[in-house]
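J.: Have a look at this one.
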Amino acid sequence: MQPTDPIVVEYINELMKRGLRQYVDLIIPSDDVFKIGREYAESRKSYAELLDALIQYAKPRINGEVAEQVVKNYLGNVNVDYIDVVAKGIAKWYVNILRLFNVVSFSGYQPP
């Protein structure tokens, strides 16, 4: 399953363009993502808690320079933490994958 968030897609494209494939490899969903998903499912934690855990997992794996360029290109010159923006998109991608593989499921409201 490919990411659908345009910032994440552009982040990956920019990494590849710059020859930084190792950063792409760092964010590809791994066993660790599934482990986090299973832990949250077993403890019946909320969507927000799972999303936050996955954001924290993704953040150290993001190239800050590329994240800044991509977010600025997409959103303009805004006052945001560029790594957080990219990490949130990656975390949502992970949640979609975890749902696809029936690792997690949520009822009720979930942010888009």
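Under the numbering used here, think of the first position of the sequence shown as 137, with each following residue one higher. The beta-carbon is built from N, C-alpha and C at its ideal position, and this holds for glycine as well.
1. To the nearest angstrom, how far is it from the Cα of Met152 to the Cα of Ala177?
2. For Pro142, report the span of its alpha helix (DSSP H) as first-last.
3. With a CB to CB cut of under 6 Å and the five nearest residues on each side skipped, what residues in its chain are close to Ile233?
4. Terminal residues of the continuous alpha helix (DSSP H) containing Gln138?
5. For Val147, collect the residues of the same chain with a Cβ closer than 7 Å to its Cβ; drop the 5 residues on either side in sequence, then sort them by chain order.
T.: On the basis of the coordinates in this document:
1. Looking up residue 152 in the sequence shown gives position 16. Looking up residue 177 in the sequence shown gives position 41. Between Met152 and Ala177, the C-alpha separation is close to 34 Å.
2. For the purposes of this step, residue 142 is identified with residue 6 of the sequence shown, where counting begins at 1. 142–153 is the span of the alpha helix (DSSP H), which, as asked, contains Pro142.
3. Translated into the one-based positions of the sequence shown, residue 233 becomes position 97. Cβ neighbours of Ile233 beyond the five flanking positions: Met137, Pro165.
4. Taking the first residue of the sequence shown as 1, we reach residue 138 at position 2. It is not in any alpha helix (DSSP H) - Gln138 carries neither H nor E in the DSSP assignment.
5. Your numbering for residue 147 matches position 11 in the sequence shown. It should be noted that the sequence gives Tyr, not Val, for residue 147. Excluding sequence neighbours, Tyr147 sits near Val202, Ala203, Val206, Val222.
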